[in-house]
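Accompanying notes for the structure given below.
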Amino acid sequence: MRYDTPSLTRWPAPGGSGASDSSFGYVSAQGAPLVELLDPRPGERVLDLGCGTGALTSEIHSRGAEVLGIDGSAAMIEKALAHYPGLDFIIGDGHDFSVAEPYDAVFSNAALHWMSKDPSAVIANVRDALRPGGRFVAELGGAGNCAAMIAAMSTAWREYGLREPELPWFFPTPAEYATRLEQGGFAVRLLEYFDRPTPLDECPDGAADWVRVFGAPLLEGLPPDLVDPLLRRVNELAAPALRRETGWMADYVRLRFAAVRR
Ligand SMILES: C[S@@+](CC[C@H](N)C(=O)[O-])C[C@H]1O[C@@H](n2cnc3c(N)ncnc32)[C@H](O)[C@@H]1O
Numbered sequence: 001m002r003y004d005t006p007s008l009t010r011w012p013a014p015g016g017s018g019a020s021d022s023s024f025g026y027v028s029a030q031g032a033p034l035v036e037l038l039d040p041r042p043g044e045r046v047l048d049l050g051c052g053t054g055a056l057t058s059e060i061h062s063r064g065a066e067v068l069g070i071d072g073s074a075a076m077i078e079k080a081l082a083h084y085p086g087l088d089f090i091i092g093d094g095h096d097f098s099v100a101e102p103y104d105a106v107f108s109n110a111a112l113h114w115m116s117k118d119p120s121a122v123i124a125n126v127r128d129a130l131r132p133g134g135r136f137v138a139e140l141g142g143a144g145n146c147a148a149m150i151a152a153m154s155t156a157w158r159e160y161g162l163r164e165p166e167l168p169w170f171f172p173t174p175a176e177y178a179t180r181l182e183q184g185g186f187a188v189r190l191l192e193y194f195d196r197p198t199p200l201d202e203c204p205d206g207a208a209d210w211v212r213v214f215g216a217p218l219l220e221g222l223p224p225d226l227v228d229p230l231l232r233r234v235n236e237l238a239a240p241a242l243r244r245e246t247g248w249m250a251d252y253v254r255l256r257f258a259a260v261r262r
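Read in order, the letters of the sequence shown are residues 1 to 262 in the UniProt record's numbering.
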């Protein structure tokens, strides 16, 4: 697909897919430092890949940049257009997009790990969307992200006689992602790999709620009456690692980087 900002189509909401983040504002709230790292300047053209409902796209725009938000989910784009009617948002897949006019920067928060089919193809598309010297600034889940959560899911699935869940995410090590970036034509300027335990304040049912929202693809096709007991078991198994006195805490591990198109 090729996207040209001046001739953007404003898509209706054909149903879409992907988890709604309406109650998961912490995802974009934790992206605020990434906007600082991007350091958008007035007049710059910035593409936000996997923009979700557009909170960070709007933040970047508020610094004076021209923005385009792209997301694979029609439902997300519908919400983004409703929240920020003056901004440009379009449905698109990170594996399959191109732009007519190069951008000064591509930004992405908490989205690249969902583009797991071919991460190098995503990097190639980002490179082609940037002018030489353009910046790619992003954060994604890194190796070990949600390890306790995933272990609890695997055990629960096994106990219920289900096939090991096929995880929809790509959580690379810093070395792996840096290699992909370098091979994809980027010079890596900064790469951080850090634990970020994250309170699941908006998940009253703890790990089970997290799976319902972020692991929704794993629940598709399961017998409906199995889902609740299965997720109750995930909670039991995950609780020793993830439930604190103050509430549930997700064991997030992040990769944050800034790279420049060579
Ligand atoms: C956790 S949300 C993050 C949204 C936003 N960046 C933020 O920080 O609030 C991940 C987003 O990636 C989008 N996404 C997943 N796979 C995608 C793909 N292949 N191409 C484009 N967007 C994708 C999802 O629809 C979702 O909106």
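Here a beta-carbon is modelled for each residue, glycine too, at the ideal position from N, C-alpha and C.
Predicted model only: the values in this text are computed from it and were never measured.
Under a three-way DSSP split, which group does residue i fall into?
| i | result |
| --- | --- |
| Thr179 | helix |
| Asn235 | helix |
| Ala29 | helix |
| residue 271 | Beyond the ends of the chain as shown, which are 1 and 262, falls residue 271; an answer cannot be given. |
| Glu66 | strand |
| Ser22 | Unreliable positioning characterises Ser22 in this predicted model, as indicated by a pLDDT of 43, which lies under 50. A coordinate reading is not provided. |
| Ala259 | strand |
| Gly206 | helix |
| Glu166 | coil |
| Asp228 | helix |
| Thr57 | helix |
| Pro174 | helix |
| Arg212 | helix |
| Ala124 | helix |
Suppose the cutoff is 6 Å on Cβ atoms and the five residues either side in sequence are ignored; what does the same chain contact list for residue i look like?
| i | result |
| --- | --- |
| Asp93 | Gly72 |
| Asn109 | Gly31, Leu34, Leu56, Glu139 |
| Ala241 | Ala148 |
| Ser28 | Ala55, Leu56 |
| Ser20 | Low per-residue confidence applies at Ser20: pLDDT is 41, beneath 50, and the placement is therefore not dependable, though the value from the model is reported in the following sentence. Hits under 6 Å: none found. |
| Ser22 | Residue placement at Ser22 is poorly supported in this model, since its pLDDT is 43, which falls under 50; the coordinates are not used for a value here. |
| Arg63 | Pro40 |
| Pro224 | none |
Residues bridged to residue i by DSSP?
| i | result |
| --- | --- |
| Thr198 | Ala250 |
| Leu130 | Tyr103 |
| Ala187 | Val260 |
| Val137 | Phe107, Ala258 |
| Asp118 | Its beta-bridge partners do not exist; DSSP assigns none. |
| Phe71 | The sequence given here places Asp at residue 71; Phe does not occur at that position. According to DSSP, Asp71 bridges with Ile91. |
| Val192 | According to the sequence shown, residue 192 is Glu rather than Val. Paired residues: Arg256. |
Quick one: what's got a C-beta closer than 8 Å to residue i's C-beta in the same chain, skipping five residues either side?
| i | result |
| --- | --- |
| Gly134 | Pro102, Tyr103, Asp104, Ala105, Val106, Val260, Arg261 |
| Glu164 | Ser154, Trp157, Arg158 |
| Tyr252 | Gly141, Asn145, Cys146, Asp195, Arg196, Pro197, Thr198 |
| Leu222 | Leu162, Leu230 |
| His95 | Met115, Lys117, Asp118, Ala121, Val122, Asn125 |
| Gly43 | Gly64, Ala65, Glu66 |
Considering residue i, what are the terminal residues of the alpha helix (DSSP H) in which it resides?
| i | result |
| --- | --- |
| Leu218 | 216 to 219 |
| Ala148 | 147 to 159 |
| Lys79 | 74 to 83 |
Hey, could you find the ends of the beta strand (DSSP E) residue i is sitting in?
| i | result |
| --- | --- |
| Arg45 | 45 to 49 |
| Pro223 | Per DSSP, Pro223 belongs to no beta strand (DSSP E) and is neither H nor E. |
| Asp96 | Careful: Asp96 lies outside any beta strand (DSSP E) and carries neither H nor E. |
Among residues of its own chain, excluding the 5 on either side of residue i, which ones have a beta-carbon nearer than 7 Å to its beta-carbon?
| i | result |
| --- | --- |
| Ala258 | Leu37, Arg135, Val137, Arg189, Leu190 |
| Gly185 | Arg127, Arg261, Arg262 |
| Ala152 | Ala207, Val234, Leu237, Ala238 |
| Ile123 | Arg180, Leu181, Gly184 |
| Cys51 | Thr57, Gly69, Ile70, Asp71, Ala80, Phe89 |
| Ser116 | Pro168, Trp169, Phe170 |
| Asp228 | none |
With residue i and residue j assumed to form a contact (beta carbons below 8 Å), what rounded beta-carbon distance in angstroms separates them?
| i | j | result |
| --- | --- | --- |
| Gly142 | Pro174 | 7 Å |
| Ile70 | Ile90 | 6 Å |
| Pro119 | Arg180 | 6 Å |
| Leu49 | Ala111 | 6 Å |
| Ala74 | Ser98 | No, Ala74 and Ser98 are not in contact; Cβ-Cβ is about 20 Å, not under 8 Å. |
| Tyr160 | Leu226 | 6 Å |
| Arg256 | Glu166 | Wrong, their Cβ atoms sit about 27 Å apart, outside the cutoff. |
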